[in-house]
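The next block holds one structure in the form of structure tokens; read it before the comments.
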Ligand code: SF4
Ligand code: SF4
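Numbering (this note's numbering), first residue to last: 33 to 476.
As structure tokens, then:
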């Protein structure tokens with residue numbers, strides 16, 4: 033059964049993929065993407081953190097139900113609302129340029145910040161339409177006409193809806209000294225969010241300590257040309273904004289049209305330990321599959337396939353066993369095996385398994401290796417693969433066969449690096465849509 037989580041996550045990915053402005057055409061480089069694929073977090077609509085935000089930011093900050101009420105007359109119980117927080121990471125190329133910049137941000141940074149408002153508006157309008165088409169009521173707070181900016185006693189100028197605080201509530205990361213949110217893709221990200229009425233499990237915060245992933249290394253302090261960050265008082269918004277005004281007046285590059293661009297400095301977000309990932313490693317547990325993992329695993333597989341255009345017949349997307357992987361692997365535990373990777377909040381963020389492959393001697397078929405988009409680049413896939421291979425060897429398998437698709441280029445490279453060798457399509461292929469076949473002879 034296709035879940036609402038799949039519907040929502042797939043809609044986010046499709047809307048991102050269909051944006052025709054996600055590139056540096058302004059700089060004559062239409063082929064270069066401006067933002068990487070987004071990662072998504074989920075907060076509960078009745079998360080008490082929103083009450084805390086009313087105290088911390090000010091009474092003008094909305095709860096999810098208050099935002100929802102501005103579009104719909106009948107607001108459901110707040111517990112039935114979810115807030116999906118969507119983080120768009122800067123590309124690796126932009127971060128390298130920004131790291132090499134002196135006391136003025138690089139062109140990529142200026143343009144990606146300057147083009148952000150129209151880009152994200154198009155994205156949110158598309159996403160709203162797509163969710164509504166799927167029968168999911170939704171409100172994008174930043175598109176609401178009631179959105180205001182007021183002076184908050186504790187935080188200076190603040191809006192009725194804080195994207196960064198929402199991202200924290202949605203389990204996307206924790207704050208850094210510079211006030212940015214350190215996500216699993218680093219601190220160089222921009223956010224949007226949507227309040228939706230849908231039955232999706234909330235992720236839970238990374239930590240109750242809002243600064244858990246900031247090591248207070250001070251690299252952002254040293255990178256700031258305006259002395260606007262300190263280890264004692266954090267980020268000085270006034271000094272930051274004064275520096276930005278000064279830069280705009282004195283150093284705006286002539287070859288970039290100023291237009292309505294909002295200036296973004298962001299020098300404190302590149303070339304520092306939290307640019308690309310959290311400097312603190314997240315504890316991941318590897319264990320055998322349990323019945324309670326089924327729903328999360330089915331979503332993980334479907335969302336990963338959907339993001340690569342493989343939500344089609346002839347792929348694992350429609351495998352009959354997908355709804356109850358636990359039962360499938362338990363049915364024949366001597367030949368079959370499945371392990372998952374779980375984060376401290378109980379999210380299943382990866383998995384891998386095998387089954388006896390009768391058509392080749394002493395062979396296991398590698399099955400369903402998936403890692404959630406926000407947990408990639410953390411070596412989780414490598415650890416899963418290694419554990420799976422060890423278990424297969426223990427059970428006497430001498431080779432491992434797998435089927436995959438050419439749409440999954442990073443996965444293909446990953447398998448090749450791990451010693452898997454490409455073979456022509458064999459007669460015994462299992463999934464008709466798959467077009468890549470690999471085998472690994474294991475060392476005895
Ligand atoms: S550079 Fe260091 S101190 Fe600054 S936000 Fe990142 S981890 Fe924290
Ligand atoms: S955005 Fe620029 S001025 Fe502001 S804190 Fe970061 S480095 Fe300093």
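Just so you know, even glycine gets a beta-carbon here, dropped at the ideal spot from N, CA and C.
Quick caveat: nothing in here was measured; it's all calculated off a predicted structure.
Where residue i and residue j are concerned, what is the direct C-alpha to C-alpha distance, given to the nearest angstrom?
{"i": "residue 325", "j": "residue 275", "result": "50 Å"}
{"i": "residue 53", "j": "residue 439", "result": "23 Å"}
{"i": "residue 156", "j": "residue 191", "result": "18 Å"}
{"i": "residue 373", "j": "residue 280", "result": "47 Å"}
{"i": "residue 379", "j": "residue 282", "result": "48 Å"}
{"i": "residue 475", "j": "residue 430", "result": "8 Å"}
{"i": "residue 198", "j": "residue 116", "result": "8 Å"}
{"i": "residue 38", "j": "residue 212", "result": "29 Å"}
{"i": "residue 483", "j": "residue 347", "result": "Residue 483 cannot be examined here, being either before or after the span of the chain that is shown, 33 to 476."}
{"i": "residue 384", "j": "residue 69", "result": "23 Å"}
{"i": "residue 146", "j": "residue 360", "result": "51 Å"}
{"i": "residue 396", "j": "residue 457", "result": "17 Å"}
{"i": "residue 420", "j": "residue 370", "result": "8 Å"}
{"i": "residue 153", "j": "residue 222", "result": "13 Å"}
{"i": "residue 314", "j": "residue 336", "result": "21 Å"}
{"i": "residue 334", "j": "residue 450", "result": "24 Å"}
{"i": "residue 362", "j": "residue 320", "result": "11 Å"}
{"i": "residue 60", "j": "residue 149", "result": "20 Å"}
{"i": "residue 416", "j": "residue 401", "result": "8 Å"}
{"i": "residue 287", "j": "residue 65", "result": "20 Å"}
{"i": "residue 256", "j": "residue 322", "result": "48 Å"}
{"i": "residue 425", "j": "residue 118", "result": "41 Å"}
{"i": "residue 353", "j": "residue 376", "result": "27 Å"}
{"i": "residue 295", "j": "residue 142", "result": "7 Å"}
{"i": "residue 258", "j": "residue 272", "result": "7 Å"}
{"i": "residue 83", "j": "residue 91", "result": "9 Å"}
{"i": "residue 207", "j": "residue 169", "result": "30 Å"}
{"i": "residue 329", "j": "residue 67", "result": "28 Å"}
{"i": "residue 174", "j": "residue 56", "result": "24 Å"}
{"i": "residue 164", "j": "residue 277", "result": "40 Å"}
{"i": "residue 455", "j": "residue 394", "result": "18 Å"}
{"i": "residue 462", "j": "residue 433", "result": "11 Å"}
{"i": "residue 441", "j": "residue 468", "result": "10 Å"}
{"i": "residue 327", "j": "residue 62", "result": "40 Å"}
{"i": "residue 364", "j": "residue 423", "result": "15 Å"}
{"i": "residue 284", "j": "residue 291", "result": "12 Å"}
Relative to the C-alpha of residue i, which residue among the options is closest?
{"i": "residue 46", "options": "342, 362, 241, 239", "result": "342"}
{"i": "residue 265", "options": "186, 444, 471", "result": "186"}
{"i": "residue 242", "options": "383, 258, 209, 268", "result": "209"}
{"i": "residue 453", "options": "445, 419, 103", "result": "445"}
{"i": "residue 86", "options": "40, 365, 194", "result": "194"}
{"i": "residue 410", "options": "84, 316, 293", "result": "316"}
{"i": "residue 167", "options": "228, 49, 224", "result": "228"}
{"i": "residue 299", "options": "56, 140, 64", "result": "140"}
{"i": "residue 318", "options": "472, 413, 40, 163", "result": "413"}
{"i": "residue 407", "options": "473, 205, 469", "result": "205"}
{"i": "residue 289", "options": "58, 467, 109, 44", "result": "58"}
{"i": "residue 103", "options": "365, 160, 144", "result": "160"}
{"i": "residue 447", "options": "254, 398, 357, 462", "result": "398"}
{"i": "residue 99", "options": "225, 423, 312", "result": "225"}
{"i": "residue 113", "options": "253, 171, 285", "result": "171"}
Apart from the five residues just before and just after residue i, which ones in its own chain have a Cβ nearer than 7 Å to its Cβ?
{"i": "residue 443", "result": "436"}
{"i": "residue 367", "result": "387, 388"}
{"i": "residue 33", "result": "355"}
{"i": "residue 344", "result": "465"}
{"i": "residue 404", "result": "332, 381, 382"}
{"i": "residue 251", "result": "304, 305"}
{"i": "residue 460", "result": "391"}
{"i": "residue 248", "result": "209, 263"}
{"i": "residue 51", "result": "151, 154, 155"}
Counting only the same chain and skipping the five closest in sequence on each side, list residues whose C-beta sits under 6 Å from that of residue i.
{"i": "residue 131", "result": "302, 303"}
{"i": "residue 127", "result": "220, 302, 307"}
{"i": "residue 310", "result": "214, 245"}
{"i": "residue 36", "result": "230, 231, 232"}
{"i": "residue 268", "result": "260"}
{"i": "residue 81", "result": "201"}
{"i": "residue 338", "result": "42"}
{"i": "residue 293", "result": "146"}
Just to confirm my understanding: we take residue i, look at its own chain, exclude 5 residues before and 5 after, and list those with CB closer than 8 Å. What are they?
{"i": "residue 477", "result": "Residue numbering for the chain in the displayed model covers 33 to 476; residue 477 lies beyond these limits and cannot be assessed."}
{"i": "residue 89", "result": "184, 186, 187, 190, 194, 197"}
{"i": "residue 111", "result": "76, 77, 78"}
**Cβ contact (3+ pairs, closer than 8 Å) linking the segment 90-103 and the segment 129-136** = The segment 90-103 is not in contact with the segment 129-136.
**Message:** I'd like to know if the segment 200-220 and the segment 106-124 are in contact, where contact means that at least 3 CB-CB pairs between them fall below 8 Å.
**Reply:** By the Cβ rule, the segment 200-220 counts as touching the segment 106-124, because three or more pairs are nearer than 8 Å.
**Message:** Within 8 Å, do at least three Cβ pairs link the segment 238-245 to the segment 174-182?
**Reply:** No, because fewer than three Cβ pairs between the segment 174-182 and the segment 238-245 fall closer than 8 Å, the two stretches do not touch.
**Prompt:** Using 8 Å as the threshold, is the segment 222-234 in touch with the segment 72-83, meaning 3 or more CB pairs across them?
**Reply:** At 8 Å Cβ cutoff, the stretches touch.
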